[in-house]
Amino acid sequence: MDLALAPETLARWQFGITTVYHFLFVPLTISLAALTAGLETAWVRTQKEKYLRATKFWGKLFLINIAMGVVTGIVQEFQFGMNWSDYSRFVGDVFGAPLAFEALIAFFFESTFIGLWIFGWDKLPKKIHLACIWMVSIGTVLSAYFILAANSWMQHPVGYRINEERGRAELTDFWRVLTQDTALTQFFHTITAAFLVGGAFMVGIAAFHLARKKHVPVMRTSLRLGLITVVIAGMLTAVSGDLLGKVMFKQQPMKMAAAEALWDGEAPAPFSIFAYGDVDAGHNKVAVEIPGLLSFLANDDFSSYVPGINDVNKAEQEKFGPGDYRPNIPVAYWGFRWMIGFGMASFSLGMLGLWLTRKKFMLPAALRTGDDEVPNLVLFKNKTLSPKFARWYWIVALWTMGFPLIASSWGWIFTEMGRQPWVVYGVLRTSDAVSPGVSQGEVIASMTVFTLLYAILAVIEVKLLVKYVKAGPPELTESDLNPPTKIGGDHADADRPMAFSY
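One gets my numbering by counting positions in the sequence shown from 1 and adding 21 to each.
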């Protein structure tokens, strides 16, 4: 390792580790909040107990997840002062504005209503209680939007000017920062991907219980809701990904050329299925391609020209001066494919699940290998599948819950790594953004502490989730089934202190 670059490299590793770890909780928080709100809406409208039990079950998992997300998210902001002080000094006037809105509007808005939802089960009328979880859901979406607007500014800086005298970027048009096409398309793609994560999570856990014939009414409903969510979110993720890709082709041609290992511009340009190349020589040794498809994805024209890595690198050298403006090509190329592959695998399995659980079929619940004599669990009427096939279905459904998380993680790795060597594209290089006074040893120490801490938190998170997933939906009490009709409660014990509902 080049000792001169060691603090920068280590700082990037630390930020990457903490960011990817934090982002494991973000999409699940966004989607579970909305799905829980949907289930509680179904209970308020129908008064069916299965919807209330499902609300409490998925709501509990949501609360565990959001608590861990908040804890790990706070660390992200610490790092701007620890390892990236020159970045904070240079772009703080611009980057700080959406982060402030995220904290003051979205986070506190979200936190207030989540407290009312947690402690208000036996104190609030059901419609007001329902409104609280919808406010929480709106808060998570607003929070995501402001964060993505800040990140989009790093991808495509707009609405600012450089104050040469003070040596920093200054905000001139906050509305443009919030509404530029990069922010809008990235938000659309991230939110749809979040629901792909939440839907697969719901499918996997519902499959776990149904395979053992436990909590059938609740889990049958959850399975179908999860499958529908996966399919709709999968289609919208593909659409939003196409829109975001077209924006990136125009704004960050190097990133998209690296994603396709397209070394030299072509017209028409092929879409790469598999490539192996020599980065130093700047060409592919092996390439399996679909002719013209990349041109269509970039410009809606199968014959259009798409610039390659070498072309863009030369253009940026002429614009910004000598240097290598290529990102890590293998990471960009394979990260892009892992993102698409795992995401579309989840969508495909969701389609299969919807087809298998339509009214003409039922799925046997046997999971024990070789036990073909286990009675069928009738999920849907008329026909059945072989127990052997059904066992594989449950197993695949369970493991599929991790696929969208892998896709989302690789998506962010591609998004951030593909922008290098820029931390703010075309404005500030990553090498100029690190804290000048932080030594290699200090970064190693903080990275070690954070990594160990996050490992401990991972064990806690998994144990809590496993514990409450295995426990299943709770049994309902009289106060659950008959909530108060006015704020504060109208039962005999309405004046007792508010208690955590779980």
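Note that the Cβ used here is the ideal one computed from N, Cα and C, for glycine as well.
Residue nearest to residue i in terms of C-alpha spacing, selected from the options
{"i": "ALA190", "options": "VAL464, ALA75, VAL179, PHE216", "result": "VAL179"}
{"i": "GLY371", "options": "ILE149, ALA221, TRP138", "result": "ALA221"}
{"i": "ALA319", "options": "ILE481, GLY364, TRP105, ALA288", "result": "ALA288"}
{"i": "THR161", "options": "LYS148, ILE183, ALA215, GLY188", "result": "ALA215"}
{"i": "ILE85", "options": "LEU244, TYR446, LEU49", "result": "LEU49"}
{"i": "ALA541", "options": "PHE128, ARG241, GLY362", "result": "With the chain represented from 22 up to 523, any question about residue 541 goes unanswered, as that position is not in the structure."}
{"i": "ILE416", "options": "ALA228, GLN461, THR39", "result": "ALA228"}
{"i": "LEU31", "options": "GLY136, GLY462, GLN176", "result": "GLY462"}
{"i": "MET275", "options": "LYS335, ASN305, GLY113", "result": "LYS335"}
{"i": "PHE116", "options": "ASP194, VAL459, LEU163", "result": "ASP194"}
{"i": "GLY59", "options": "TRP413, PRO119, LEU246, TRP431", "result": "LEU246"}
{"i": "GLY141", "options": "LYS77, TRP431, GLU29, TRP284", "result": "LYS77"}
{"i": "ILE212", "options": "LEU169, GLU123, PRO291", "result": "LEU169"}
{"i": "PHE44", "options": "LYS69, PRO28, GLU70, VAL91", "result": "VAL91"}
{"i": "HIS177", "options": "LEU485, VAL448, ILE481", "result": "VAL448"}
{"i": "GLY527", "options": "SER261, PRO119, GLU496, TYR326", "result": "The first residue shown for the chain is 22 and the last is 523, placing residue 527 beyond what the model contains."}
{"i": "GLY262", "options": "LEU486, LEU485, GLY432, THR200", "result": "GLY432"}
{"i": "VAL487", "options": "TRP79, LYS69, LYS71, THR67", "result": "TRP79"}
{"i": "ILE330", "options": "ALA353, ALA118, GLY374, VAL459", "result": "ALA353"}
{"i": "ARG347", "options": "PHE357, GLY356, VAL300, SER324", "result": "VAL300"}
{"i": "THR498", "options": "THR62, GLU482, GLU70", "result": "GLU70"}
{"i": "GLN100", "options": "VAL459, TYR446, LEU199", "result": "VAL459"}
{"i": "GLY188", "options": "LYS234, VAL112, LEU125", "result": "VAL112"}
{"i": "PHE357", "options": "ALA479, PHE295, PHE209, SER132", "result": "PHE295"}
{"i": "TRP174", "options": "PRO119, GLY342, GLU131", "result": "PRO119"}
{"i": "PHE341", "options": "TYR446, ILE87, LYS234", "result": "TYR446"}
{"i": "GLY423", "options": "GLU61, VAL483, ASN172, THR62", "result": "VAL483"}
{"i": "ILE95", "options": "GLN68, PHE83, VAL464, ALA124", "result": "ALA124"}
DSSP bridge partner residues for residue i (one or two, in chain order)
{"i": "TRP443", "result": "ARG450"}
{"i": "SER293", "result": "GLU310"}
{"i": "ILE12", "result": "Here the chain covers residues 22 to 523 and nothing more, so residue 12 does not appear."}
{"i": "VAL41", "result": "For VAL41, which the question treats as bridged, DSSP gives no partner whatsoever."}
{"i": "GLU287", "result": "VAL327"}
Chain-order list of residues whose beta-carbon lies under 6 Å from that of residue i (same chain, five-residue window excluded)
{"i": "SER293", "result": "GLU281, ALA282, GLU310"}
{"i": "ARG74", "result": "VAL239, PRO494"}
{"i": "TYR489", "result": "LYS81"}
{"i": "ALA454", "result": "TRP105, ASP107, TYR108, VAL444"}
{"i": "PHE270", "result": "MET277, ALA319"}
{"i": "GLN338", "result": "none"}
{"i": "LEU419", "result": "GLY225, ALA228, PHE229"}
{"i": "PHE527", "result": "The structure shown has nothing for residue 527, since the chain only spans 22 to 523."}
{"i": "ALA63", "result": "TYR72"}
Contacts around residue i, its chain only, beta-carbon distance under 7 Å, and the 5 residues preceding and following it disregarded
{"i": "VAL268", "result": "ASP202, THR203, THR206"}
{"i": "THR421", "result": "ALA221, VAL224, GLY225, SER367, LEU370"}
{"i": "TRP138", "result": "HIS150, CYS153, ILE154, VAL157"}
{"i": "VAL65", "result": "LYS147, LYS148, LEU151"}
{"i": "ALA127", "result": "GLY160, LEU163, SER164, PHE167"}
{"i": "GLU29", "result": "THR451, SER452, VAL455"}
{"i": "ASP322", "result": "SER316"}
{"i": "LYS122", "result": "Note on identity: in this sequence residue 122 is Phe, with Lys being the wrong assignment. Correct list, in chain order: PHE167."}
{"i": "LEU388", "result": "Note that LEU388 scores a pLDDT of 37, beneath 50, so its modelled location is shaky; the value from the coordinates is reported in the next line. Taken in chain order, the residues that qualify are ALA232, ARG233, ARG412, TRP415."}
Rounded distance between the beta-carbons of residue j and residue i, thought under 8 Å
{"i": "ASN349", "j": "GLN273", "result": "ASN349 to GLN273, Cβ: 15 Å. No contact."}
{"i": "THR436", "j": "TRP443", "result": "Wrong, their Cβ atoms sit about 12 Å apart, outside the cutoff."}
{"i": "THR250", "j": "LEU56", "result": "7 Å"}
{"i": "THR40", "j": "PHE471", "result": "About 11 Å separates the two Cβ atoms, so there is no contact after all."}
8 Å Cβ shell around residue i - same chain, five flanking residues per side excluded
{"i": "TRP34", "result": "MET468"}
{"i": "MET256", "result": "PHE368"}
{"i": "GLY266", "result": "MET277, LEU318, ALA319"}
{"i": "VAL218", "result": "PRO48, LEU49, SER52, PRO425, LEU426, SER429"}
{"i": "GLY37", "result": "ILE434, GLU437"}
{"i": "TYR475", "result": "ILE38, THR39, TYR42, THR93"}
{"i": "ARG182", "result": "ALA190, GLU191, THR193"}
{"i": "ALA88", "result": "none"}
List, from N- to C-terminal side, the alpha helix (DSSP H) runs of 4 residues or more that fit wholly inside the segment 99–125.
106–122
Quick check on the DSSP output: what are the complete beta strand (DSSP E) runs of length 3 or more inside the segment 134–183, in order along the chain?
none
Output the residue ranges of the beta strand (DSSP E) runs that lie fully inside the segment 65–100 and measure 3 residues or longer, sorted by chain position.
none
Residue ranges of each alpha helix (DSSP H) within the segment 191–270, 4 or longer:
195–200, 202–231
Threshold first: 3 residues or longer. Then list the beta strand (DSSP E) segments lying entirely within the segment 409–435, N to C.
none
Of all the alpha helix (DSSP H) runs that stay within the bounds of the segment 350–374, which reach a length of 4 or more residues?
none
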